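Numbering-wise, the numbering used here comes out as the position in the sequence shown, counting from 1, plus 1.
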Amino acid sequence: MNMHSATDTGSSEARFAGAHLTDQRGAAAVKDFQQKIPELLQLERLMREHGNWLRSRCETTLLYRDQHFPVYSLSLGAQSAKAPTVLFTAGIHGIERIGSQVLIAWLQSLLERLQWDAELQERLQQVQLVLMPILNPVGMYLNRRANGNGVDLNRNAPIDAEGRVPVLGGGHRIGAFLPWYRGRRQGQMEAENIALENLLRRQVLNRPFATVVDLHSGLGMRDRLWFPHAYRKQAIGNIAEYLALKTLWERSYPNHTYIFEPQSIHYLSHGDLWDYFYYQSLAHQQPHFLPLTLEMGSWLWVKKRPRQLLNAAGLFNPQTQHRHSRVLRRHLLLLDFMVSAALNHSNWLPDAARSQQLKQRAQDLWFD
Ligand SMILES: [Zn+2]
Numbered sequence: 002m003n004m005h006s007a008t009d010t011g012s013s014e015a016r017f018a019g020a021h022l023t024d025q026r027g028a029a030a031v032k033d034f035q036q037k038i039p040e041l042l043q044l045e046r047l048m049r050e051h052g053n054w055l056r057s058r059c060e061t062t063l064l065y066r067d068q069h070f071p072v073y074s075l076s077l078g079a080q081s082a083k084a085p086t087v088l089f090t091a092g093i094h095g096i097e098r099i100g101s102q103v104l105i106a107w108l109q110s111l112l113e114r115l116q117w118d119a120e121l122q123e124r125l126q127q128v129q130l131v132l133m134p135i136l137n138p139v140g141m142y143l144n145r146r147a148n149g150n151g152v153d154l155n156r157n158a159p160i161d162a163e164g165r166v167p168v169l170g171g172g173h174r175i176g177a178f179l180p181w182y183r184g185r186r187q188g189q190m191e192a193e194n195i196a197l198e199n200l201l202r203r204q205v206l207n208r209p210f211a212t213v214v215d216l217h218s219g220l221g222m223r224d225r226l227w228f229p230h231a232y233r234k235q236a237i238g239n240i241a242e243y244l245a246l247k248t249l250w251e252r253s254y255p256n257h258t259y260i261f262e263p264q265s266i267h268y269l270s271h272g273d274l275w276d277y278f279y280y281q282s283l284a285h286q287q288p289h290f291l292p293l294t295l296e297m298g299s300w301l302w303v304k305k306r307p308r309q310l311l312n313a314a315g316l317f318n319p320q321t322q323h324r325h326s327r328v329l330r331r332h333l334l335l336l337d338f339m340v341s342a343a344l345n346h347s348n349w350l351p352d353a354a355r356s357q358q359l360k361q362r363a364q365d366l367w368f369d
């Protein structure tokens, strides 16, 4: 596979939380954003109000039709290079805005609890949380999957599938007028992905243990947790660790019904970000890197309200208030669990002997 190295795009530290961008936005732009991307304004509000806990950064600013769209990262908790880390990303696909909303709702709870919960304050001294809740603000503003250049950010990493991919859906280079466009050529990622890569290099891939939860909503009846590979059908090198994490979750929360599995058993795709970053983690000699994609099953919402089918955004986002609140609640436990799992990784990561058993079990489960 061919990989390129990104250059630093010169991000700016903004501990005061995006105030520079908020201030520069005229009244008309604020109104426009309130209608089309209220999530961004909500995030900026949290950044302003909780600057004592949140370290905020504008990783890059995208220009689209004379409007400026910041891509923020937020960090909280331990800053030591030894601290295990959880990265939360959402909004890679602009139309799947429920992912950003779930993540921002969770962040808001966390920040409220930090005001009074000494136990949580203590926990955060031992783990670093990094969030990029709106990776594709232009896509979200336009209510579409692709970014401002018409590129599908999760088909845009420099890695090709080994095997047949779904026509179009697996990623293609025909043109930006069709969905799932990978971008013009191999090796040059879009600005949003370069910002994400810079963040990973700075704060994630150099930690002794890191997991990722990347929030999406997809077409399906069930909530799924997917892990690499997406580019080929073979088991990933740390499959034993994934199976240990799956077992940990299912034993701890037997009433939750996420389907935890490798993406490749469903379909292969080109340019998957987490395939790419997994191999980056190996290049950085990171011992443990476990990215997960949460695919919230949106057919659950459609089934109960078929009228949603008439509205493209409705396929990817719950459209009634009570259902929306339920989805915002539904995944909080999983996000909390991921923090605990990172913090306590030495208590569940398998040793060499158990890894062998788990590897065999994974082979039987998914790859025979
Ligand atoms: Zn998605």
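Glycine included, every Cβ here is placed at the ideal spot set by N, Cα and C.
The structure displayed is predicted, hence computed values, not measured ones.
| Check | Outcome |
| --- | --- |
| Using only CA atoms, which one of W250, S265, E60, P134 lies nearest to G171? | S265 |
| Entirely within the stretch 122-195 and at least 4 residues each: give me those alpha helix (DSSP H) ranges in chain order. | 138-143 |
| Using 8 angstroms as the threshold, is the C-beta distance between G221 and G149 below it? | no |
| With respect to 7 angstroms, is the separation between the Cβ of H94 and the closest non-hydrogen atom of ligand 1 below this value? | yes |
| Please classify T90: is it buried, with 16 or more other beta-carbons within 10 angstroms of its beta-carbon, or exposed? | buried |
| Can you tell me which of T62, V139, Q287 puts its alpha carbon nearest to the alpha carbon of R203? | Q287 |
| Rounded to the nearest angstrom, what separates H230 and G27 at their Cα positions? | 44 angstroms |
| Could you check if E262 belongs to the surroundings of ligand 1, using beta carbon to heavy atom distance under 7 angstroms? | no |
| State yes or no: is the C-beta of L197 within less than 8 angstroms of the C-beta of Y254? | no |
| Ligand 1 and E50: does any heavy atom of the ligand fall closer than 7 angstroms to the residue's C-beta? | no |
| May I have the straight-line CA-CA distance separating L1 from L244, to the nearest angstrom? | Summary: the structure shown does not reach residue 1, with the chain confined to residues 2 through 369, and so no result is reported for it. |
| Does DSSP classify Y277 as helix, strand or coil? | helix |
| Indicate whether D273 and I195 have their beta-carbon atoms separated by less than 8 angstroms. | no |
| Any heavy atom of ligand 1 closer than 7 angstroms to the beta-carbon of H217? | yes |
| Reducing DSSP to helix, strand and coil, say where D215 ends up. | strand |
| For a test of the three-state rule: what should DSSP assign to G78, helix, strand or coil? | strand |
| Within the chosen definition, does the stretch 81-100 reach the stretch 200-220 through at least 3 CB pairs nearer than 8 angstroms? | yes |
| What is the C-beta distance between A363 and A177, in whole angstroms, given that I count them as a contact (C-beta under 8 angstroms)? | At roughly 38 angstroms, the Cβ-Cβ gap does not stay under 8 angstroms, so A363 and A177 are not in contact. |
| Give the secondary structure of F34 by DSSP, where H, G and I count as helix, E and B as strand, and everything else as coil. | helix |
| Would you kindly report the start and end of the unbroken alpha helix (DSSP H) that includes Y243? | 240-253 |
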